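Participant: So in the UniProt record's numbering, spot 20 of the sequence shown is number 20, and the numbers just go up one at a time.
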Amino acid sequence: MKAEFAKHAEYLNALNDKRERLVKASRDITMNSKKVIFQVHRISKVNKEEVLSKAENDLAAVVNQYIGKLVQEYVEAATLCRFCKTGTLLSLAEINDSLLALSDKSVEPLQINVLDYLLGVADLSGELMRLAIGRISDGEVEYAKKICAFVRDIYRELTLVVPLMDDNSEMKKKMEVMLQSVVKIENACFSVHVRGSEYIPLLGSSADPDYSFFGASDFDQ
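1) Do the CB positions of D58 and Q39 come within less than 9 Å of each other?
2) Measure how close the beta-carbons of A25 and K69 come, nearest whole angstrom, since I'm counting them as under 8 Å.
3) Assign G139 to buried or exposed, taking buried as 16 or more other Cβ atoms, counted over all protein chains shown, within 10 Å of its Cβ.
4) Does the Cβ-Cβ distance between I67 and A78 come in under 9 Å?
5) Please identify the residue among L89, Q72, G126 whose C-alpha is closest to the C-alpha of Y11.
6) Taking its Cβ as the centre, do 16 or more other Cβ atoms sit within 10 Å of Q72, making it buried, or is it exposed?
7) Compare the Cα-Cα distances from F150 to each of G120, Y117, L52, L128 and report the closest residue.
8) Assuming residue 252 and V192 are in contact, meaning their beta carbons sit under 8 Å apart, how far apart are those beta carbons, in whole angstroms?
9) Am I right that L99 and L110 are in contact with their C-beta atoms under 8 Å? What's the rounded C-beta distance?
10) Does the distance from the C-beta atom of L179 to that of V121 stay below 9 Å?
11) Leaving out five residues before and five after E170 in sequence, what residues of the same chain have Cβ atoms less than 8 Å from its Cβ?
12) Thinking C-beta only, is L131 closer than 9 Å to I147?
13) From F83 to K34, what does the alpha carbon distance come to, in whole angstroms?
14) Roughly how many whole angstroms lie between the Cα atoms of Y74 and K45?
15) Please report how far the alpha carbon of V183 lies from the alpha carbon of K48, in whole angstroms.
16) Measure the alpha-carbon distance for residue 296 versus I136 and round it to whole angstroms.
17) Go ahead and pull the three-state DSSP assignment for D166.
18) Mind checking S53: buried by the 16 CB within 10 Å criterion, or exposed?
Listed below in structure tokens is the structure:
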């Protein structure tokens, strides 16, 4: 019973941490956006170009530092829901199609770019690791094995994508965390194997992944 409640406490703590990060990011977006507005209000004929240049740079920083992270959180949540529902990965094309229905037809539609999608997918591994550990605790070993194979397939595909990125520093950091999640899931599955259950091979899965990045059926390797 103690272990069961400890598992729930860990989940709630992780949920609260994520909520606090989102609230802080939202406040920072508001504060920095107002900072840009105040700068623009100080425009005069003498300093117009200087003020606008600084305002545009500050606004770009807001987008890059905060909005991108919020989008990645959305991708993480959406892909987690899809996996739990169908066992597959929600593609970038599917996410953007779903956003079209929410967009104002008179303006350019809201669309998620490839980088934010991939960074969000990389974050998904942490949630799947927690899900797998929880399922093993509940005796759903086969489901945990499915998660293990799924996460390893994503990790393997991302290792092919990272070298193609112009600036892959952020993705490299996420890949390090992702590898830790993969190892934790494998170790948990291995401990079950030691107790008598079948264990998945350590390096990759023999089955073809039933998902695709960018909406394509196959990933070029």
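Each residue gets a CB set at the ideal place from its N, CA and C atoms; glycine is no exception.
Source: prediction; values computed, not measured.
Facilitator: So, from the data block:
1) The residue you call residue 58 lines up with position 58 of the sequence shown. The residue you call residue 39 lines up with position 39 of the sequence shown. Contact: yes.
2) Here residue 25 refers to the residue found at position 25 of the sequence shown. Here residue 69 refers to the residue found at position 69 of the sequence shown. Contact holds; Cβ gap of about 6 Å.
3) For this step, residue 139 is matched to residue 139 along the sequence shown. When all chains shown are included, G139 counts as exposed.
4) In the sequence shown, counting from the first residue as 1, residue 67 sits at position 67. In the sequence shown, counting from the first residue as 1, residue 78 sits at position 78. Between I67 and A78, the C-beta gap is not smaller than 9 Å, which leaves the two residues out of contact.
5) As a working mapping, residue 11 is identified with position 11 in the sequence shown. If we check each option's Cα against that of Y11, G126 comes out closest.
6) In the sequence shown, the residue the question calls residue 72 occupies position 72. Flag for Q72 reads buried.
7) Reading the sequence shown from its first residue, position 150 is the one you call residue 150. Minimum Cα distance to F150 is reached at L128.
8) Lying outside 1 to 221, the shown extent of the chain, residue 252 is not represented and no answer is given.
9) Numbered from 1 along the sequence shown, position 99 holds the residue referred to as residue 99. Numbered from 1 along the sequence shown, position 110 holds the residue referred to as residue 110. That belief holds up - the Cβ atoms of L99 and L110 are roughly 5 Å apart, short of 8 Å.
10) By 1-based counting over the sequence shown, the position of residue 179 is 179. By 1-based counting over the sequence shown, the position of residue 121 is 121. Not a contact, by the Cβ cut-off of 9 Å.
11) Taking the sequence shown and counting its residues from 1, the one referred to as residue 170 is at position 170. These residues qualify, in order along the chain: L119.
12) Here residue 147 refers to the residue found at position 147 of the sequence shown. Here residue 131 refers to the residue found at position 131 of the sequence shown. Between I147 and L131, the C-beta gap is smaller than 9 Å, which places the two residues in contact.
13) Counting from one through the sequence shown, the residue named residue 83 turns up at place 83. Counting from one through the sequence shown, the residue named residue 34 turns up at place 34. In this structure, the CA atom of F83 is about 38 Å from the CA atom of K34.
14) Translated into positions along the sequence shown, residue 74 becomes position 74. Translated into positions along the sequence shown, residue 45 becomes position 45. Per the coordinates, the alpha-carbon of Y74 lies some 42 Å from the alpha-carbon of K45.
15) The residue you call residue 183 lines up with position 183 of the sequence shown. The residue you call residue 48 lines up with position 48 of the sequence shown. Roughly 55 Å separates the two Cα atoms.
16) It is not possible to answer for residue 296, since the shown part of the chain is limited to 1 through 221.
17) Counting from 1 along the sequence shown, the entry for residue 166 is found at position 166. Coil.
18) As a position in the sequence shown, residue 53 is number 53, starting the count at 1. Taking all protein chains in view, the Cβ of S53 is surrounded by fewer than 16 other Cβ atoms within 10 Å, so the residue is classified as exposed.
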